[in-house]
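*Asks:*
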Amino acid sequence: MSPRKSAAEALGTRSAILDRSVAVASLEGLEGLTIGRLAAELGMSKSGVLGHFGSKEALQLAVLDRAADVFRAEVWEPARPADPGLPRLRALCEAWISYLERGVFPGGCFFVAAAHEFDGREGPVRDAVEAQFDAWRGRLCKEARRAAAAGDLPAGTDAGQLAFELLGLIMAMNHTLQLHCDPDAAARARRAVNARLGG
């Protein structure tokens, strides 16, 4: 076997482990990931799974990175072509609602679940979850400031407050979908976003 083929196969195996891990963690949390379970489900040895990451914590961090890639592809990329400011802020909210509505992750929003799991803890995994929320909040704030500067939101709009409220709306939608299976959750979220942004 050539070194190039061996490296490609290793990357493929790592990717398969991450894909399965994201699906499991979405439903059962990052702590629900066990090397033994993944090995059994993927037809691998425990050492084979562990050899790709080195530790459970490293696996959890890699899973967060993979989930972030999915989130960017599902929410940021569809909204990115919109004009900066209010049009992009609206597009971000719509893509965000659609991501939950379509059940991209089987357990709902991956990062809301991870935040509930790790917000009271300390360590690298908790810090990585916080960093993802900080980056997303920063994106919302940036577009809110642009919208206010363009006159599309009221003068003096507090971008941080607006981002806080939008995060809360989407987290409420996620909760309503996951806990109550409410078929009106997406429509309620859209109405709330329109009311907040002016629609």
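The opening position of the sequence shown corresponds to residue 1 in the UniProt record's numbering, with each subsequent residue numbered one higher.
For glycine and all other residues, C-beta sits at the position ideal for the given N, C-alpha and C.
Hey, quick one: how far does the alpha helix (DSSP H) through Trp136 stretch, first residue to last?
*Replies:* Counting from 1 along the sequence shown, the entry for residue 136 is found at position 136. Residues Pro124 to Ala149.
*Asks:* Please go through the same chain and pick out, in chain order, the residues whose beta-carbon is closer than 8 Å to the beta-carbon of Ala39, but skip the five residues on each side of it.
*Replies:* To locate residue 39, count along the sequence shown from 1; it is residue 39. Within the same chain, Ala39 has close Cβ partners Ser45, Lys46, Gly48 and Val49.
*Asks:* Where does Cys181 land, buried or exposed, given buried means 16+ other C-beta within 10 angstroms?
*Replies:* Here the question's residue 181 lines up with position 181 in the sequence shown. Exposed.
*Asks:* Please state whether DSSP places His52 in a helix, a strand or coil.
*Replies:* For this step, residue 52 is matched to residue 52 along the sequence shown. Looking at His52 - three-state DSSP - the assignment turns out to be coil, as it is neither helix nor strand.
*Asks:* Which residues bound the alpha helix (DSSP H) around Phe105?
*Replies:* By one-based count along the sequence shown, residue 105 stands at place 105. Run containing Phe105: none; DSSP gives neither H nor E here.
*Asks:* For Leu33, which residues from the same chain have a beta carbon less than 8 Å from its beta carbon, with the 5 sequence-adjacent residues on both sides left out?
*Replies:* The residue labelled residue 33 in the question sits at position 33 within the sequence shown. Ser21, Val24, Ala25, Lys56, Leu59, Gln60 and Val63, listed in sequence order.
*Asks:* Restricting to Cα atoms, I'd like to know which of Arg196, Ala79 and Ala189 is closest to Ala159.
*Replies:* Numbered from its first residue, the sequence shown carries residue 159 at position 159. Out of Arg196, Ala79 and Ala189, Arg196 has the C-alpha closest to the C-alpha of Ala159.
*Asks:* Round the Cβ separation of residue 230 and Ala163 to the nearest angstrom and send it over; I've been treating them as touching at under 8 Å.
*Replies:* Coverage of the chain is limited to positions 1 through 199, which leaves residue 230 absent and any answer about it impossible.
*Asks:* So the candidates are Phe111, Arg145 and Arg146; which of them puts its Cα closest to the Cα of Gln132?
*Replies:* The sequence position of residue 132 within the sequence shown is 132, counting from 1. Looking at the Cα atoms, Phe111 is the closest of the given residues.
*Asks:* Thinking C-alpha only, which one of Leu18, Glu77 and Gly29 is nearest Ala114?
*Replies:* Here residue 114 refers to the residue found at position 114 of the sequence shown. With distances taken between Cα atoms, Ala114 lies closest to Gly29.
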